[in-house]
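Once you know that position 202 of the sequence shown is 497 in my numbering, the rest is easy, because the numbers rise by one and skip nothing.
Every residue, glycine too, gets a C-beta built ideally from N, C-alpha and C.
Quantities reported herein were computed from a predicted structural model and do not represent experimental measurements.
As structure tokens, the structure follows; a few thoughts come after it.
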Amino acid sequence: MTNILNRWYRKYFSDPEGVILAILLLLGFAIVIFLGNILAPLLASVVLAYLLEGLVGFLESHNVRRMVAVMMVFIPFLAFLAFLLLGLLPLLTGQVKELVQELPNMIAKGQQLLLQLPERHPNFISESQVEEFMASMRSTVGALGQNVLSISLASISGLFTLLVYLILVPVLIFFFLKDKQLILEWMSNYLPRERALAIRIWEEMNQQIGNYVRGKFTEILIVGVVSYIVFMIMGLNYA
């Protein structure tokens, strides 16, 4: 038994760099799992800064100074964020209000269609089944109304959290981009000297993550444009 444990230990823990990498990964997962809610603005800023860093690096490769490249990327990012808040958010809010106002009429029309089903298809559905389904729908709508009320009461704290995110996240993104090298040097002081394996794995992960992000962005863009065109052609409201 002792020999088996010794062989297992030498196989998996003889390489100190592998052990260090495993410890770093476990530590990172533990931070995300147990402190994810507290560090959510920081984690969101790191992810967005990582995405924007690709554009900054592209500009730097074309002999653009780091600070100029950061500003050339960060200002359009702020403009896009402002467009989402000032352009799409009011549109979305207006459509939600229209949907809420139109919902009673939609429910009434649905009830009329359901009541006509036993007459048109008596062999497949009966009046008792329709009444049972309508009673279930009324209870579901009532529960939905209570949930909407609770959500509206909880939206005050959510609005405050959103305001904090809107202020804190862009500031963190800017400094992550601007002081990237200083932050990496500061973090390297707390890492072990034997980290060649971790660096090699990170370089491979960085390339794969970049490919994944570019592919996912292309997918989102294609799906969004095609869905918008199809819904507009169909005249689908509140889509």
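For residue 340, count the other beta carbons within 10 Å of its own beta carbon; 16 or more makes it buried, fewer makes it exposed. Which is it?
Here residue 340 corresponds to residue number 45 of the sequence shown, with the count starting at 1. So residue 340 ends up on the buried side.
Evaluate the contact criterion for the stretch 508 to 523 versus the stretch 356 to 375: three or more CB pairs, one atom per stretch, below 8 Å.
Between the stretch 508 to 523 and the stretch 356 to 375 there are fewer than three C-beta pairs closer than 8 Å, too few to call the two in contact.
Locate the alpha helix (DSSP H) running through residue 371, then write down its first and last residues.
Residue mapping note: residue 371 aligns to position 76 of the sequence shown, counting from 1. That run of the alpha helix (DSSP H) goes 361 to 378.
When you compare each of 373, 372 and 350 to residue 364 by their alpha carbons, which one comes out closest?
Your numbering for residue 364 matches position 69 in the sequence shown. Residue 364 has its Cα closest to that of 350, out of 373, 372 and 350.
Secondary structure at residue 469, three-state DSSP: helix, strand or coil?
Counted from its first residue, the sequence shown places residue 469 at position 174. Helix.
To which residues of the same chain is residue 524 closer than 7 Å at the C-beta, ignoring the five residues directly before and after it?
On the sequence shown, residue 524 is found 229 positions in, with the first residue counted as 1. Counting only Cβ-Cβ distances below 7 Å, and skipping sequence neighbours, we find nothing.
Can you tell me whether DSSP reads residue 528 as helix, strand or coil?
Taking the first residue of the sequence shown as 1, we reach residue 528 at position 233. Reduced to three states, the DSSP call for residue 528 is helix.
So residue 362 and residue 473 are in contact, right, with Cβ under 8 Å, and what is the actual spacing, rounded?
Counting from one through the sequence shown, the residue named residue 362 turns up at place 67. Counting from one through the sequence shown, the residue named residue 473 turns up at place 178. Sure, about 7 Å apart at Cβ, within 8 Å.
Going straight from the alpha carbon of residue 522 to that of residue 317, what length do you get?
Mapped onto the sequence shown, residue 522 falls at position 227. Mapped onto the sequence shown, residue 317 falls at position 22. About 43 Å.
So, for residue 429: in the same chain, excluding its five sequence neighbours on each side, which residues have a beta-carbon less than 8 Å away from its beta-carbon?
Translated into the one-based positions of the sequence shown, residue 429 becomes position 134. 406 and 409, listed in sequence order.
Inspect the CB distances between the stretch 367 to 385 and the stretch 459 to 476 and report whether three or more fall short of 8 Å.
yes
Of the residues 526, 344 and 497, which one's Cα is nearest the Cα of residue 320?
Residue mapping note: residue 320 aligns to position 25 of the sequence shown, counting from 1. Residue 320 has its Cα closest to that of 497, out of 526, 344 and 497.
Considering just the uninterrupted stretch of the alpha helix (DSSP H) at residue 417, what are its terminal residues?
To locate residue 417, count along the sequence shown from 1; it is residue 122. Boundaries for residue 417: no alpha helix (DSSP H) harbours it, and the DSSP string shows neither H nor E there.
With a Cβ-Cβ cutoff of 8 Å, do residue 460 and residue 336 count as a contact?
In the sequence shown, the residue the question calls residue 460 occupies position 165. In the sequence shown, the residue the question calls residue 336 occupies position 41. In this structure, residue 336 lies closer than 8 Å to residue 460 by Cβ.
Contact defined as beta carbons within less than 8 Å: I believe residue 425 pairs with residue 413. What is the distance between those atoms, to the nearest angstrom?
As a first step, residue 425 must be located in the sequence shown, where it is residue number 130. As a first step, residue 413 must be located in the sequence shown, where it is residue number 118. So it is a contact: roughly 6 Å between Cβ atoms.
Taking the Cβ atom as the reference point for each residue, do residue 508 and residue 376 lie within a distance shorter than 8 Å?
Walking along the sequence shown from the start, residue 508 turns up at place 213. Walking along the sequence shown from the start, residue 376 turns up at place 81. For residue 508 and residue 376, no; Cβs fall outside 8 Å.
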